[in-house]
Amino acid sequence: MNQAVLILIKPDGLKKSLTGNILTRLSETKLEIVASRIVRVPQHLAEEHYKHLKDKPFFPELIKYLRGELHDRRKVMALIYWGKDAIKKCRELAGSTNPEEAEPTSIRGSYGRITTSGVYENVIHVSSNEEEAEREIKLWFQPEEIIVDLYPAKETAEKNCKRKVWA
Ligand code: UDP
Ligand code: MG
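Numbers in my numbering are just positions in the sequence shown, counted from 1, shifted up by 443.
Structure (structure tokens):
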């Protein structure tokens, strides 16, 4: 079954220059990249993305982590991979949430660490199921930024909408 999955290379992955390594590992899946962007993560996006963890004691630190405040790298790389069993394949390559428990050859096992404050810096986010993937993809991407039609979309005409174009 073809699926879409949201991948984020988190700020620690960018700071450690792991983008190439991570994309090479993910290419083992033979899945197709159907969207990508570099994102400066606003507070509301980080909080919405991790809303299932908002009652955890580490939530404020986790939000700082995703926004790059712990690494002086205020950006993440967001990608959508698409293809057969995409979620299972990418989560297997990523490894367990806790980098110390992750398979040593997995992405998180190879590159992750636990900070002294207890946050798992695990270099990569991978959607956990189809429902979460759809919710997350709609948070991070607009329909026109994705080269396939993943979910129903509609056209709107926006009046007086200011946007930047090339000068
Ligand atoms: N996390 C953490 N401590 C925990 C659980 C989660 O620091 O005990 C962080 C970790 O960075 C993880 C993220 O919160 O990737 C989201 O947690 P989730 O349970 O969704 O795990 P994931 O889907 O990323 O494996
Ligand atoms: Mg998750």
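Quick reminder that beta carbons are idealized off the backbone N, C-alpha and C, glycines included. Predicted, not measured: the structure shown is a model, and the values here were computed from it.
Short of 6 Å from the beta carbon of PHE584, and not among the five residues preceding or following it, lie these beta carbons of its own chain, in chain order: ALA478. For TYR524, the enclosing beta strand (DSSP E) has its first and last residue at 519-527. Remark: the shortest separation between the CB of GLY561 and any heavy atom of the ligand UDP falls under 8 Å. Each residue's CA atom was taken as its position, placing ARG510 and LYS518 some 7 Å apart. Beta-bridge annotation (DSSP): HIS568 is paired with LEU451. By a beta-carbon distance limit of 8 Å, ILE567 does not contact LEU449. Their separation comes to about 11 Å. TYR508 and GLU579 have their C-alpha atoms spaced approximately 18 Å apart.
Where GLU546 is concerned, there is no enclosing alpha helix (DSSP H), because DSSP gives it neither an H nor an E. Judged by DSSP in its simplified three-state form, ILE506 adopts helix.
Note on geometry: alpha-carbon atoms of ALA447 and SER553 lie some 25 Å from one another. Counting along the chain, ILE580 sits inside the alpha helix (DSSP H) bounded by residues 573-583.
Residue environment for TYR594: exposed (fewer than 16 other C-beta atoms within 10 angstroms of its C-beta). Judged by the Cβ position, VAL448 fails to qualify as a neighbour of the ligand UDP at the 8 Å threshold, every heavy atom of the ligand being at least this far. Here ILE476 carries a strand assignment [DSSP, helix/strand/coil].
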